[in-house]
Each structure stands twice: as structure tokens, then as C-alpha cells.
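Notes follow the structure.
Protein chains: 2
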Amino acid sequence: MKILLIGAAGKLGTAVNAALTARGHEVLAAGRSSGDLRYDIADPAQTSALYDRVGPVDAVASAAGDVPYKPVVDMAPENYEAAFRGKVLSQIELVRQGVSRIAERGSFTLITGVLCRDPIPTSSAAAMANGAVEAFVRAAAIEIAPQRINAISPTVFTESLAKYGDFFPGVPPVDLAQVAQAYVRSIEGAHTGRIYELS
Amino acid sequence: MKILLIGAAGKLGTAVNAALTARGHEVLAAGRSSGDLRYDIADPAQTSALYDRVGPVDAVASAAGDVPYKPVVDMAPENYEAAFRGKVLSQIELVRQGVSRIAERGSFTLITGVLCRDPIPTSSAAAMANGAVEAFVRAAAIEIAPQRINAISPTVFTESLAKYGDFFPGVPPVDLAQVAQAYVRSIEGAHTGRIYELS
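These protein sequence lines map, in sequence, to chains F and D. Heads up, the first sequence is in our numbering, so the first residue is 777 and it goes up one at a time. Heads up, the second sequence is in our numbering, so the first residue is 777 and it goes up one at a time.
What follows is the structure, encoded as C-alpha cells:
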């Protein structure tokens, strides 16, 4: 398959790219600040330009989402808006604009995360964004069939424990390679409206 | 208790107001377009003005949320933004601004809805908003203790079946009086971070 991968240069995106390439797929690697396809999907106009540039694809996979971390009382309305634009609207626009552009039985695979079910302090904007995307995935799935849409919702990565482990005391981490296989499952499988929880 | 109720003139708000008043509470009824306290909480500045006007309260209850309904492919980015402002940011701001203003052991009770778990066609913005608020509630709960926060997540109201029943084929409705009791449970009980699902 020809697969458009957003956030391809990130820690997760790199693992997903490797897993999809190993399965023989052609990966079109897009990102905000590196690679050939430099587009920031927080801006709906750039999402449109990206789709125009790559032409028809069989699947769209997102490994990109940017949210601020602060205690609720230190947040400003603008911080929640930034989380909405950076992880929710950005991924919704991939779907909304993509429905008319991807293959008739193509798929969308979005990224969320464990914080919407098991929050940590300072994670209210991240949790909000993840919960929004997961509910959107369930709702969009019943409208866009036979196109499919799923979300990948991992806990902290084993490879990120040195940096983030202190925020997840006692929480079993997940290997990036295992998260990447959830993308393979979503893209090559037949499920839709599913949240693949890796935690 | 002295309870600030947002959306007090709506179908749900009216039932909540009656239930809380019957329990002996003093209800301060706020709304966008009726009553003495006319404030639109979709605007964070009006939320601030509302809190300034009412002074200290023991609990804040929301029965207000405005979202657009359209198929995914007919939505515009602005429709999802409107849902975010009208149901997500509006209720988050009630909490964020309220933490420093309500009683030390006071509570927030927000409104979500069944569509984030059991969507219907055209409900992707509503689902997104409900999922966002429910995840926010779980995340905020672990930060604001001993203050508490819960969400009420009802299915279609028995009293709304004539208008909306066709969108919920085979779905058992819930009586408004029963939904109102979930507000009582949230406000007078000791739970926090709970989503009371009435469906």
C-alpha cells in the first residue's frame, strides 16, 4: 500500500515507518520540521496542500500531536485551544479532508494515548485531546464505511522511560515496536472504530 | 448548599433546578438567554464576570453545551471549533476559573452525553466534545482534590423522544428526573472523577 505517515521523524513515527516499510508498504513521510513533505497539520490549509501534493493514497497514519502540560490552575484558555488544534482538529482534518481523497476502502489511523483513561498531574489538556480523538474515531467510523478509522492509544514508551518514567510510577511501559505493530494491525486489518489500547 | 447552575432554563437545567431545590439547596440560575444571570460561558470573560457576580458558592453544575450536527464530510473546521468552544472549553473554564472561587470541599458537575460511546450519524462533533469533557474530568479530579469533579453522561431523554427518538432507534431513553438525581448524587456525594452514565 501507499501510506501517508504524519509525524514520521518523531520517536513513534520512526518506529511506525520502519514497521510499515518492513511489511513492503511505500511510506510517504510527512512532518512539521523535517523530511521532504514539510507540512504542519495544525493548520487545515497545510493539510489540504499536503493531500494535493501526495495525490491518492491507500492509508493515512498519524503519529503527531502536540499538547501543553501544566496544572489545571496554571492553564490558560489558549493552552486548551492549542491542545485542540495540535492534536484534535489536526487529526480530524486529516480524516475530513481525506475521505474524498484516499482509496475507497482506505483507512485512517490516529494517535491518542493513555492519559485520557489514566491521567497524571498536569495532563488535563492531553487527556482532553485524547478523549476527543477517541470519541471522534468511534463516531466517524459509522459514517465513512467502507473506509475505516482506528486509534492507537499507548502508555509511556519503554524507550522514553529515562525522560518520562518519573511521571508514570509503577506503570508498565510499552515497546515502540509493539505500538508500531498496532498501526500495522489497523492498516492491514479489517477493524473500524477501534481504539487499540497499549497499556 | 449554594449552587450555581448553568443552563438553568433548558429542558435538563429545569429538571436539575427542581431536584436541587427540592433537596433544600439554594440554586443560582444562570443561562445564555434567560433568567437574572445572563452569561454565555462559551466566552471565558463572561464566565469570569459570572463568578464575580455570584461570589462564593459550594457547587457548580452545568447543564449547558452547544454543538453542531452534520455528517463528517459536511463539517468545516469551524464546526468542530464551535463544538470545542460551546461544550468543552466552556465547561473547562468553569472549572479552571472556579477552583479558586468555590468552597474548599466544593464540587463541579459537568454535562457530557452518550454519543461519545454510542455515536449516531452526524454526531462526530458532539462525540468529540463529550469525549473531551469526560477525559478532562478524570484528569482534573486528581489535581483539584479535596474539591471534586464529575460528569453526567445521559442517553436521549424520555421527554425528548418525540423530537429526537428517530435518531435513537431501539435505544432505551432515560427520564429527566433520573438524570437530575445523578446531579444530586454528584453534588451531595463524595465521588470524584466519575462519569455517571445514564444509558
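The beta-carbon is built from N, C-alpha and C at its ideal position, and this holds for glycine as well.
Practice item. May I ask which residues mark the beginning and end of the beta strand (DSSP E) holding F:Tyr827? Key: Residue mapping note: residue 827 of chain F aligns to position 51 of the first sequence, counting from 1. It is not in any beta strand (DSSP E) - F:Tyr827 instead sits in the alpha helix (DSSP H) that spans 820-830.
**Study point:** Pair within 8 Å by beta-carbon distance, F:Ser929 and F:Val890
**Key:** Locating residue 929 of chain F in the first sequence gives position 153, counting from the first residue. Locating residue 890 of chain F in the first sequence gives position 114, counting from the first residue. A contact, by the Cβ cut-off of 8 Å.
Practice item. Would you please state the rounded distance, in angstroms, between the beta carbons of D:Val871 and D:Ala859? I believe it to be under 8 Å. Key: Mapped onto the second sequence, residue 871 of chain D falls at position 95. Mapped onto the second sequence, residue 859 of chain D falls at position 83. With a Cβ gap of about 18 Å, D:Val871 and D:Ala859 do not count as contacting.
Check your understanding: To the nearest angstrom, how far is it from the Cα of F:Ile887 to the Cα of D:Glu857?
Key -> Numbered from its first residue, the first sequence carries residue 887 of chain F at position 111. Numbered from its first residue, the second sequence carries residue 857 of chain D at position 81. In a straight line, the C-alpha of F:Ile887 is about 20 Å away from that of D:Glu857.
**Study point:** Close-in-space but distant-in-sequence residues of the same chain around D:Ala825 (CB under 8 Å, 5 per side omitted)
**Key:** Taking the second sequence and counting its residues from 1, one reaches residue 825 of chain D at position 49. Closer than 8 Å at the Cβ level, and outside the excluded window around D:Ala825, lie Tyr815.
Point to revise | Between the CA atoms of F:Gly800 and F:Ala818 - distance to the nearest angstrom | key: Residue 818 of chain F sits at position 42 when you count from the first residue of the first sequence. Residue 800 of chain F sits at position 24 when you count from the first residue of the first sequence. F:Ala818 and F:Gly800: Cα-Cα distance of roughly 29 Å.
Review point. According to DSSP, is F:Pro949 helix, strand or coil?
Key: Walking along the first sequence from the start, residue 949 of chain F turns up at place 173. Coil, per DSSP.
Practice item. Could you tell me whether any Cβ in chain D is nearer than 8 Å to the Cβ of F:Ile782? Key: The residue you call residue 782 of chain F lines up with position 6 of the first sequence. Closer than 8 Å: no.
Point to revise | Through-space distance from F:Pro820 to F:Ala879, alpha-carbon basis | key: By 1-based counting over the first sequence, the position of residue 879 of chain F is 103. By 1-based counting over the first sequence, the position of residue 820 of chain F is 44. Rounded to the nearest angstrom, the two C-alpha atoms are 21 Å apart.
Check your understanding: How about F:Gly969 and F:Ala917: are their beta carbons less than 8 Å apart?
Key -> Taking the first residue of the first sequence as 1, we reach residue 969 of chain F at position 193. Taking the first residue of the first sequence as 1, we reach residue 917 of chain F at position 141. Against a cut-off of 8 Å, the Cβ pair of F:Ala917 and F:Gly969 comes out as a contact.
Exercise for review: Name, going along the chain, the residues of the stretch 846-873 of chain D whose beta-carbon falls closer than 9 Å to a beta-carbon of chain F.
Suggested key: Pro847, Val848, Val849, Met851, Ala852, Pro853, Tyr856, Glu857, Phe860, Arg861, Val864, Leu865, Ile868, Glu869, Val871, Arg872
Practice item. Report, in whole angstroms, the separation of the C-beta atoms of D:Gln957 and D:Val909, which I expect to be a contact under 8 Å. Key: For the purposes of this step, residue 957 of chain D is taken as residue 181 along the second sequence, with counting starting at 1. For the purposes of this step, residue 909 of chain D is taken as residue 133 along the second sequence, with counting starting at 1. Separation of the CB atoms of D:Gln957 and D:Val909 is rounded to 20 Å, and the pair is thereby denied contact status at 8 Å.
Check your understanding: Thinking just about the alpha-carbon of each residue, which of D:Gly841, D:Gly862, D:Gly786, D:Ser936 is nearest to the one in D:Gly811?
Key -> In the second sequence, the residue the question calls residue 811 of chain D occupies position 35. It is D:Gly786.
Review point. Which two residues bound the contiguous alpha helix (DSSP H) that contains D:Arg808?
Key: The sequence position of residue 808 of chain D within the second sequence is 32, counting from 1. No alpha helix (DSSP H) holds D:Arg808; DSSP gives it neither H nor E.
Review point. Based on the DSSP secondary-structure assignment, which residues constitute the bridge partners of D:Pro930?
Key: For this step, residue 930 of chain D is matched to residue 154 along the second sequence. Paired residue(s): D:Leu974.
Exercise for review: Anything in chain F within Cβ reach of D:Leu826, meaning under 9 Å, just list it in chain order.
Suggested key: On the second sequence, position 50 is the one that residue 826 of chain D refers to. Result: empty, since nearest Cβ-Cβ is about 15 Å, beyond 9 Å.
**Study point:** Continuous beta strand (DSSP E) stretch holding F:Lys846: start and end
**Key:** As a position in the first sequence, residue 846 of chain F is number 70, starting the count at 1. Where F:Lys846 is concerned, there is no enclosing beta strand (DSSP E), given that its DSSP letter is neither H nor E.
Point to revise | Local Cβ density within 10 Å of F:Tyr827, reported as buried at 16 or more and exposed below that | key: Reading the first sequence from its first residue, position 51 is the one you call residue 827 of chain F. By the neighbour-count rule (16 or more Cβ atoms within 10 Å), F:Tyr827 is buried.
Review point. Listed in chain order, which residues of the stretch 917-944 of chain F have Cβ atoms closer than 9 Å to some Cβ of chain D?
Key: Ala917, Ile918, Glu919, Ile920
Practice item. Determine the contact status of F:Arg914 and D:Pro895, defining contact as a CB-CB distance below 8 Å. Key: Along the first sequence, read from residue 1 onward, the residue named residue 914 of chain F stands at position 138. Along the second sequence, read from residue 1 onward, the residue named residue 895 of chain D stands at position 119. In contact: F:Arg914 and D:Pro895 (Cβ atoms closer than 8 Å).
Practice item. Using a Cβ-Cβ cut-off of 8 Å, state whether F:Leu891 counts as contacting chain D. Key: Walking along the first sequence from the start, residue 891 of chain F turns up at place 115. Interface residue, yes.
Review point. What in chain F is Cβ-close to D:Pro895, meaning under 7 Å?
Key: Taking the second sequence and counting its residues from 1, the one referred to as residue 895 of chain D is at position 119. Within chain F, the residues Arg914, Ala915, Ile918 have their CB atoms less than 7 Å from the CB of D:Pro895, given in chain order.
Check your understanding: Whose CA, out of F:Asp834, F:Ala921, F:Val955, F:Val932, lies closest to the CA of F:Gly946?
Key -> One-based indexing of the first sequence puts residue 946 of chain F at position 170. For the residues F:Asp834, F:Ala921, F:Val955, F:Val932, the minimum Cα distance to F:Gly946 belongs to F:Val932.
Check your understanding: When the cut-off is 8 Å and only beta carbons count, does D:Pro949 lie next to chain F?
Key -> Taking the first residue of the second sequence as 1, we reach residue 949 of chain D at position 173. Judged by the 8 Å Cβ criterion, D:Pro949 is not in contact with chain F.
Review point. Ordered along the chain, which non-local residues of its own chain (more than five positions away) have a Cβ less than 6 Å from that of D:Gln822?
Key: Along the second sequence, read from residue 1 onward, the residue named residue 822 of chain D stands at position 46. Here the set comprises Tyr815, Asp816.
Practice item. Kindly list the residues whose CB is nearer than 6 Å to the CB of D:Glu935, restricted to its own chain and excluding five residues on each side of it in sequence; keep chain order. Key: The residue labelled residue 935 of chain D in the question sits at position 159 within the second sequence. Excluding positions up to five away in sequence, the list reads Leu952.
Practice item. With 7 Å as the limit, tell me which residues of the stretch 798-825 of chain F have their beta carbon closer than that to any beta carbon of chain D; keep them in chain order. Key: Pro820
**Study point:** Pairwise C-alpha distance: F:Tyr845 and F:Ile925
**Key:** By one-based count along the first sequence, residue 925 of chain F stands at place 149. By one-based count along the first sequence, residue 845 of chain F stands at place 69. C-alpha separation (whole angstroms): 27 Å.
**Study point:** Sequence-distant residues of its chain with Cβ nearer than 8 Å to D:Gly965 (five each side left out)
**Key:** Along the second sequence, one-based indexing puts residue 965 of chain D at 189. Leaving aside the five residues that flank D:Gly965 on each side, none in its chain has a CB nearer than 8 Å to its CB.
Exercise for review: Please go through the same chain and pick out, in chain order, the residues whose beta-carbon is closer than 6 Å to the beta-carbon of D:Ala902, but skip the five residues on each side of it.
Suggested key: Residue numbering aside, residue 902 of chain D sits at position 126 when the second sequence is read from its first letter. Here the set comprises Val843, Leu891.
Review point. Just reading off the beta strand (DSSP E) that F:Lys778 is part of, what are its end residues?
Key: In the first sequence, the residue the question calls residue 778 of chain F occupies position 2. Counting along the chain, the beta strand (DSSP E) containing F:Lys778 begins and ends at 778-782.
Exercise for review: Say whether chain F places a C-beta atom closer than 8 Å to the C-beta of D:Ser962.
Suggested key: Stepping through the second sequence from its first residue, residue 962 of chain D is reached at position 186. False, the Cβ-Cβ gap to chain F never drops below 8 Å.
Check your understanding: So, helix, strand or coil for F:Ala835, using DSSP?
Key -> Start at 1 with the first residue of the first sequence, and residue 835 of chain F comes out as number 59. It is a strand residue.
Review point. If you draw a straight line from the C-alpha of D:Gly874 to the C-alpha of F:Tyr959, how long is it?
Key: Locating residue 874 of chain D in the second sequence gives position 98, where the first residue counts as 1. Locating residue 959 of chain F in the first sequence gives position 183, where the first residue counts as 1. So the two alpha carbons sit approximately 40 Å from each other.
Point to revise | Outcome for D:Pro922 when other beta-carbon atoms lying within 10 angstroms are tallied against a minimum of 16 | key: Counted from its first residue, the second sequence places residue 922 of chain D at position 146. Exposed: under 16 other Cβ atoms inside 10 Å.
Exercise for review: Tell me, please, whether the CB atom of D:Val875 is closer than 8 Å to any CB atom in chain F?
Suggested key: Within the second sequence, the letter at position 99 stands for residue 875 of chain D. Yes, D:Val875 counts as interfacial toward chain F.
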